[in-house]
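Asks: My questions all concern the structure below.
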Amino acid sequence: MMTHRGGRHMAVEVKIGITDSPRELTIASTLTSDKAFAEVEAALGGKQQLLSLVDDKGARYLIPVTKIAYVEVGASENRRVGFGS
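In structure tokens form, the structure reads like this:
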């Protein structure tokens, strides 16, 4: 389910920092913010070895929970194009 704000659909963005990697993994998901947070919390707090997330295009990501440094869950911003945006 995508959130609806001001006539636009907003995807939830999940940013995951990976240990021993200078880059973060950013996933645009159709989950609500609460559901995405619950998925991450369940993986980190449980006996799961992998966090499984699906992006808004259907691609599946499997991240080993032992390699997760941090997770940020929030609404993704619409990309702006042009000068003065």
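Just so you know, the sequence shown maps onto residues 323 to 407 in the working numbering. Each residue gets a CB set at the ideal place from its N, CA and C atoms; glycine is no exception.
So for LYS389, helix, strand or coil by DSSP?
Replies: Counting from one through the sequence shown, the residue named residue 389 turns up at place 67. Helix, per DSSP.
Asks: Excluding the five sequence neighbours on either side, which residues of its own chain have a C-beta within less than 8 Å of the C-beta of SER351, listed in chain order?
Replies: Locating residue 351 in the sequence shown gives position 29, counting from the first residue. The answer, listed in chain order, is ALA333, VAL334, GLU335, VAL336, ALA358, LEU375, VAL376, ASP377 and ASP378.
Asks: Whose C-beta lies closer than 6 Å to the C-beta of ALA365 among residues of the same chain, with five residues either side of it excluded?
Replies: Locating residue 365 in the sequence shown gives position 43, counting from the first residue. Cβ neighbours of ALA365 beyond the five flanking positions: LEU373 and VAL387.
Asks: So SER355 is in the alpha helix (DSSP H); what residue range does that whole segment cover?
Replies: Residue 355 sits at position 33 when you count from the first residue of the sequence shown. Taken as a continuous stretch (DSSP letters only), the alpha helix (DSSP H) holding SER355 covers 355 to 367.
Asks: Around the Cβ of GLU361, are there at least 16 other Cβ atoms within 10 angstroms (buried) or fewer (exposed)?
Replies: Mapped onto the sequence shown, residue 361 falls at position 39. It is buried - the Cβ of GLU361 has at least 16 other Cβ atoms within 10 Å.
Asks: With GLY380 as the anchor, note down where its beta strand (DSSP E) starts and where it stops.
Replies: Here residue 380 corresponds to residue number 58 of the sequence shown, with the count starting at 1. Where GLY380 is concerned, there is no enclosing beta strand (DSSP E), given that its DSSP letter is neither H nor E.
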